[in-house]
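Residues in the sequence shown are numbered consecutively from 4, following the working numbering. Don't be surprised by glycine CBs; every beta carbon is placed ideally from N, CA and C. For reference, the structure is listed below as structure tokens.
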Amino acid sequence: MQITEEKKLMTILEVNHLEKVYTTRFGSQKIQALASVSFSVEKGEYVAIMGESGSGKTTLLNILAALDKPTGGTVLLDGHNLSKIRESDIAAFRRDNLGFVFQDFNLLDTFSLEDNIFLPLVLAGKSYPEMKARLTPIARKLGIVELLAKYPYEVSGGQKQRAAVARALITNPRLILADEPTGALDSKATDELLRLFGEINREGQTLLVVTHSVKAASHAGRVLFIKDGEVFHQIYRGNRCIRRYPIPLPCWRQGGTDHDRGTLSQTGPDRHGQKPQALPALYTDLHGYGHDVLHHLFSSGQSCRGRHARRGFPAGDPDFGPGGHGSIFPDLPVLYQLLFDSETEKRIWPL
């Protein structure tokens with residue numbers, strides 16, 4: 004009983020058998036957007052949710068943000084059932100407990116960045132000295148102190164997103180919800196934002212990111228995959244950090260280790276001067292290659308064979324063997340290799 008109570012105290016978000024059914028005009032057709040979705044997010048966790056367009060990601064995020072109500076099931080945020088909060092109280096609850104980061108920033112052009120960041124505190128009735136005291140350390144951390152007097156149209160996309168993150172952090176939220184936070188950013192701004200997310204998560208902030216981006220999802224500690232309104236798999240990150248190798252690799256397809264070593268031989272020696280043919284156990288360290296390279300390697304959605312199939316996607320596994328989700332969901336092999344820890348043999352587990 005004690006373990007159960009401690010576990011409950013650590014859980015920030017608990018989603019139980021969530022369903023959402025939309026009825027078309029005149030009730031002629033019912034469309035199920037979510038089907039019995041269940042998962043939880045622990046305090047201090049960094050979770051990403053991935054899925055194709057139409058998979059139910061946006062519907063799920065809207066319900067988690069208390070912007071929509073489910074047809075069935077429950078969402079508990081820090082023990083509070085969102086469906087039971089009165090309409091008159093829901094806006095204040097959302098403001099005080101949730102932080103939001105959007106793809107298009109949602110900054111007011113007629114407000115300076117500082118005023119945009121202050122806005123949720125103004126709505127909460129906080130005094131200016133208190134708002135300033137909260138903003139100063141956040142602005143320093145995010146590197147936007149010199150930008151606070153500027154307006155959104157005067158700064159870059161990456162700077163806008165950092166201001167949006169500051170706005171999300173300033174209320175000390177229990178959970179930050181990010182909807183495609185890197186979608187409108189270039190590669191440099193994306194790297195900076197993902198580094199920032201990692202930093203604030205290591206300081207204890209709980210993050211839930213909805214994204215199409217393999218690169219963005221690979222920085223999370225856990226990735227949930229949603230398809231046809233259901234969460235069908237999750238991946239846990241191993242304990243090894245992501246590293247980058249400088250050589251661009253051609254696309255690896257089917258054929259196993261021998262074929263891939265042959266392909267690698269065309270790229271020349273690696274950064275240590277070794278010939279690729281001599282590199283042992285290529286797949287044990289595949290997550291070390293850069294994100295963009297991995298996306299190029301596996302985004303074709305080819306079935307998995309050879310050593311890759313034996314270690315990462317067993318041939319007997321209907322989900323990840325040839326013809327399984329590895330073909331249906333092309334990003335799945337990418338994330339597996341980004342997050343797989345060859346030392347502790349952590350694997351994908353069906354929910």
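Selection from the options that minimises the alpha carbon distance to residue i
i	options	result
residue 161	192, 240, 31	192
residue 67	42, 91, 56, 187	42
residue 25	35, 102, 31	35
residue 71	90, 174, 83, 204	90
residue 229	16, 13, 60	60
residue 116	208, 195, 168, 15	168
Length of the line joining the Cα atoms of residue i and residue j
i	j	result
residue 37	residue 47	26 angstroms
residue 18	residue 77	6 angstroms
residue 21	residue 57	17 angstroms
residue 119	residue 153	11 angstroms
residue 223	residue 200	9 angstroms
residue 185	residue 156	18 angstroms
residue 123	residue 27	35 angstroms
residue 218	residue 235	20 angstroms
residue 137	residue 159	24 angstroms
residue 179	residue 210	5 angstroms
residue 226	residue 33	29 angstroms
residue 127	residue 172	14 angstroms
residue 50	residue 44	7 angstroms
residue 205	residue 133	25 angstroms
residue 121	residue 170	7 angstroms
residue 113	residue 198	29 angstroms
residue 181	residue 53	12 angstroms
residue 88	residue 16	15 angstroms
residue 240	residue 31	44 angstroms
Assigned secondary structure, residue i (DSSP; H/G/I helix, E/B strand, else coil)
i	result
residue 72	coil
residue 238	strand
residue 193	helix
residue 224	coil
residue 118	helix
residue 38	strand
residue 187	coil
residue 157	helix
Environment of residue i [buried if 16+ CB atoms lie within 10 Å]
i	result
residue 97	buried
residue 139	exposed
residue 29	exposed
residue 80	buried
residue 130	exposed
residue 190	exposed
Chain-order list of residues whose beta-carbon lies under 7 angstroms from that of residue i (same chain, five-residue window excluded)
i	result
residue 183	106, 213, 214, 215
residue 176	100, 101, 102
residue 110	119, 155, 163, 166, 167
Same chain only: Cβ atoms within 6 angstroms of residue i, ignoring 5 sequence neighbours per side
i	result
residue 165	145, 147
residue 233	38
residue 75	22
8 angstroms Cβ shell around residue i - same chain, five flanking residues per side excluded
i	result
residue 73	21, 22, 23, 37, 66, 86
residue 196	161, 164, 165, 168, 184, 185, 188
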